[in-house]
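> Numbering (this note's numbering), first residue to last: 6 to 652. Even glycine gets a Cβ: it sits at the ideal position worked out from N, Cα and C. Please find one structure pasted underneath; my questions will follow.
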Amino acid sequence: MPEYQFADKGGKIISVEYDKNNYFSAEQVLSSLESVFSKFPFPAYVEQVEEYDDVFHVTFPEGNDGIGDVFICAKGTTPGGRSGLKDEQRIQPKAKYLNYVFERGEEGKKAVFLGVYNRDGETILCTWKVMASAAASLETPISKQIKITSIAKAMREGFVQQDKGKGEYACAFRPEFLYFYLRNCEWLHTGNVSELAEHTEPESFENAVDITSKNSFEAVDFCTGIKLKSPRNRIIFGAPGTGKSFTLNKEAKELLADGGHEERVTFHPDYSYANFVGTYKPVMVGGSSGTIDCMSKEVVSVLLDKTKTAQEKYDLLYDRFKDDGLTRLPILLGLYTDEVFKTRKQDGTDAVGDNSVERNHGKALRPYVALPSDIKAKEEIAYEYVPGPFMRVLAKALKSAMTDNPKPHLLIIEEINRANVAAVFGDVFQLLDRASTNDSEYEIATTIEMRIYLAKELGVDIGAVETIKIPDNMFIWATMNSADQGVFPMDTAFKRRWDFTYLGIDDSEKDLIGKTVVLGSGNTKHKVEWNKLRKAINNFLAKEKINEDKQLGPYFIARNIVVPEEGAEIDNERFIHTFKSKVIMYLFEDAAKQKRPKLFEGCFENSSRYSEICREFEKKGVGIFHHDIQLEAEPEDLTRASPVDNE
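Right, dumping it as structure tokens:
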């Protein structure tokens with residue numbers, strides 16, 4: 006595990022390993038808040054808001070000196086926020102929790118965005134300015150960071166500010182300063198407070214080693230430290246029917262037993278980089294059959310009305326948004342206009358402060374959303390970026406990596422060598438080189454459409470995904486059958502980036518032993534064990550110098566046919582039908598094409614005609630094959646008359 010910086014109880018910075026399983030739970034945060042508020046000079050009651058795990062409501066039944074109700078979005082802080090930065094702490098509540106508290110602030114309540122740092126029995130509270138999140142999903146984790154130097158200084162001096170840039174300050178302080186903070190939080194987050202500055206200069210935010218800090222956006226984390234022994238890049242290969250997919254599915258369930266995500270894709274000769282990674286594709290937009298509903302059309306029609314001012318549009322839409330999402334209305338208006346307008350609280354009174362933050366959110370989103378220019382427009386074709394399976398799994402894995410409890414994410418590729426892998430992987434090939442930490446050794450630059458997609462999915466600034474790696478919680482597993490005709494060869498450079506697992510021709514035969522089927526008719530009726538027949542055919546092929554990858558695996562015929570749910574008797578109708586269409590066809594057209602007369606010796610002059618071989622199999626069963634196969638398969642003759650039959 007990588008070492009991160011912490012502040013000990015004396016305010017000294019130390020570097021130690023961090024166990025990601027040890028993080029502050031919501032129950033521990035509640036307990037810490039109760040302890041802190043118990044120091045107030047008047048009673049305070051702290052309770053968790055129902056259905057909002059990281060939101061806490063504080064009330065003061067008696068004499069609260071004008072503070073009023075307090076709503077706190079709070080989590081325990083953890084290290085390892087942004088890639089390469091080990092000298093900061095962060096919190097990551099979901100957007101819906103942060104927005105809930107922000108909306109309470111818009112209603113006139115006290116709103117707080119707080120992190121609890123706890124080490125060696127000492128607690129430091131970290132706070133940030135409360136702002137609404139414009140994340141695409143309300144489930145998106147929203148990150149806020151603070152330098153460990155700020156926390157260490159707060160341990161020693163009590164209260165410090167940290168300059169986050171753009172007129173925003175984070176605060177770190179001992180619990181004794183919470184009352185002071187609640188009374189003065191607005192101005193503590195909006196400027197360098199001179200009274201504090203005389204004591205200690207605000208910690209600079211510009212010393213970060215990663216440029217992302219200067220641009221004020223959250224970077225993604227490619228190395229989570231997740232401890233899993235399974236190989237990240239893996240190919241299982243072997244002869245047809247050896248159980249490659251079955252083995253992969255079984256191990257995938259074990260990998261994802263505690264959560265995660267799996268996606269599966271099958272390669273084919275026409276599969277391309279655009280299919281695998283992503284590309285622009287035509288989609289139908291607009292028209293009466295579009296996805297926008299009637300209520301949304303009414304809202305958009307107001308937003309598009311050029312005869313109305315921004316204030317008039319806000320006033321017209323206020324009642325529609327008042328009970329659900331009032332904080333979203335300024336963002337929505339910001340998508341369409343640069344005009345200034347006043348906002349109101351839920352009770353109809355004027356909101357405190359301006360709405361520049363929300364309007365700027367809307368303005369910033371304009372390049373990334375398709376705004377309807379005419380609600381009555383006819384249906385037409387537009388082009389949108391459609392991610393492929395690689396990009397979808399990558400986005401989900403990165404999103405999980407940004408949380409305190411990352412889960413494995415698995416992409417399964419069936420028949421990987423049936424496509425031209427060099428062309429399909431393209432520049433992603435570079436990412437397959439894994440470092441000792443299991444994330445990509447090297448990064449690649451993203452295209453603009455990739456950046457837009459990833460920024461939206463991860464809830465980060467577009468600059469945070471100018472380059473990408475495969476994170477250590479993303480696994481790529483594949484199957485390969487080199488016996489198939491028309492497969493594409495893999496070069497050595499591609500192969501060396503994978504762990505290969507070979508499944509031998511008999512490795513998975515255990516469940517087949519003793520499973521028999523009745524074949525033939527009349528005086529040639531007999532019972533045979535499928536596994537013995539399969540091995541007898543394979544031994545014949547081996548003697549004829551036919552490679553193992555052309556021989557028959559245990560499940561060349563599907564498992565659900567050759568392994569009965571009950572008993573040892575295989576359904577002979579299903580078996581005969583499948584044997585003709587799969588086994589005989591494969592031997593006739595591929596594996597033993599040059600050995601037909603010898604292999605199908607029991608068919609005599611009909612050994613060169615597939616239809617005649619199938620007809621003979623219905624009558625003779627294993628009698629169609631070479632004499633050696635018949636002997637080795639050990640069929641049991643069922644035509645011998647019993648004593649009852651002779652009477």
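So, with DSSP's three-state summary, where would you put Glu-162?
Glu-162 falls in the helix class under three-state DSSP.
> Taking just the CA atoms, how far does Lys-461 sit from Ala-140?
Straight-line Cα distance between these residues: approximately 7 Å.
> The alpha helix (DSSP H) that contains Ile-18, what's its start and end?
That residue, Ile-18, is in no alpha helix (DSSP H); its beta strand (DSSP E) goes 18-22.
> Are there three or more Cβ pairs, one per stretch, closer than 8 Å when the segment 510-520 is compared with the segment 271-279?
No, the segment 510-520 is not in contact with the segment 271-279.
> Please report how far the alpha carbon of Glu-22 lies from the alpha carbon of Glu-317, in whole angstroms.
Going by the C-alpha atoms only, they are around 57 Å apart.
> Rounded to the nearest angstrom, how far is the Cβ of Met-407 from that of Val-225, given a contact under 8 Å?
So it is a contact: roughly 6 Å between Cβ atoms.
> Buried or exposed: where does Lys-169 fall if 16 or more other Cβ atoms within 10 Å of its Cβ makes it buried?
Lys-169 is buried by the Cβ-count criterion.
> Can you give the Cα-Cα distance for Ala-31 and Ser-37, rounded to whole angstroms?
Their backbone Cα atoms lie some 10 Å apart in a straight line.
> Mapping the DSSP letters down to three states, classify Asn-189 as helix, strand or coil.
Asn-189: helix per DSSP, three-state reduction.
> What are the boundary residues of the alpha helix (DSSP H) that includes Arg-109?
Element bounds for Arg-109: 100-111.
> Tell me which residue opens and which closes the beta strand (DSSP E) that Val-426 is part of.
Val-426 -> not in any beta strand (DSSP E); alpha helix (DSSP H) instead, spanning 426-430.
> What do you get for Phe-185, buried or exposed, if any count of 16 or more other CB atoms within 10 angstroms of its CB means buried?
Exposed: under 16 other Cβ atoms inside 10 Å.
> Using the DSSP secondary-structure output, state which residues sit across from Val-522 in a beta bridge.
The partner list for Val-522 (beta bridge, DSSP) reads Val-533.
> Per the DSSP calculation, Trp-133 is bridged to which residue(s)?
BP columns for Trp-133 point to Phe-118.
> Thinking C-alpha only, which one of Asn-443, Tyr-447, Lys-603, Glu-420 is nearest Val-433?
Here the closest residue by C-alpha is Tyr-447.
> Would you say Arg-161 and Gly-16 are within 7 Å of each other, going by their C-beta atoms?
Going by C-beta atoms, Arg-161 is nearer than 7 Å to Gly-16.
> Would you call the segment 188-199 and the segment 433-442 touching, i.e. three or more CB-CB distances under 8 Å?
These segments do not touch.
> So what does Gly-283 bridge to, in DSSP terms?
Answer by DSSP bridge pairing, in chain order: Pro-392.
> So for Ile-581, helix, strand or coil by DSSP?
Here Ile-581 sits in helix by DSSP.
> Please identify the residue among Val-282, Tyr-507, Tyr-341 whose C-alpha is closest to the C-alpha of Pro-394.
Comparing Cα positions, the closest option is Val-282.
> Mind reading off the beta-carbon distance from Leu-260 to Pro-413? Whole number of angstroms is fine, and I expect it under 8 Å.
That pair is a contact at about 5 Å.
> Just to confirm my understanding: we take Thr-145, look at its own chain, exclude 5 residues before and 5 after, and list those with CB closer than 6 Å. What are they?
Taken in chain order, the residues that qualify are Ala-100, Gly-464.
> Distance, Cα to Cα, Lys-219 vs Lys-404?
At Lys-219 the pLDDT is 31, less than 50, meaning the model places this residue with poor confidence and gives no usable figure here.
> So, is Pro-372 buried or exposed, given that buried needs 16 or more other C-beta atoms within 10 angstroms?
With fewer than 16 Cβ atoms within 10 Å of its Cβ, Pro-372 is classed as exposed.
> Among Tyr-102, Pro-46, Thr-83, which residue has its Cα nearest to the Cα of Tyr-138?
The residue you asked about is not Tyr; residue 138 is Ser in the sequence shown. It is Tyr-102 whose Cα lies nearest to the Cα of Ser-138.
> Do Ile-634 and Ile-542 have their CB atoms nearer than 7 Å?
Yes; because the gap between Cβ atoms is below 7 Å, this pair is in contact.
> Could you tell me the boundaries of the alpha helix (DSSP H) in which Lys-461 lies?
Segment 453-463, the alpha helix (DSSP H) holding Lys-461.
> Does at least one heavy atom of the ligand GDP sit under 6 Å from the Cβ of Trp-133?
This structure does not include the ligand GDP; it has no bound ligands of any sort.
> For Glu-93 and Thr-271, what's the separation of their Cα atoms in angstroms?
So the two alpha carbons sit approximately 42 Å from each other.
> Can you list, in chain order, the residues of its chain whose CB lies under 6 Å from that of Pro-640, leaving out five sequence neighbours each side?
Here the set comprises His-531, Val-533, Val-627.
> What first and last residue would you give for the beta strand (DSSP E) that runs through Gln-94?
Residues 93-96.
> For Ala-638, report the span of its alpha helix (DSSP H) as first-last.
Element bounds for Ala-638: 632-638.
> How big is the Cα-Cα spacing for Arg-539 and His-273?
If I take the Cα positions, the gap works out to 28 Å.
> Pairs of beta-carbons, one from the segment 467-486 and one from the segment 416-423, closer than 8 Å: are there three or more?
At 8 Å Cβ cutoff, the stretches touch.
> Can you list the beta strand (DSSP E) stretches of 3 or more residues lying completely in the segment 237-274, in chain order?
As far as the segment 237-274 is concerned, its whole beta strand (DSSP E) runs of at least 3 residues are 238-243, 266-271.
> Have a look at Glu-621, Phe-493, Leu-308 and flag the residue whose alpha-carbon is nearest the alpha-carbon of Ala-428.
Checked all of Glu-621, Phe-493, Leu-308; the closest Cα to Ala-428 is Phe-493.
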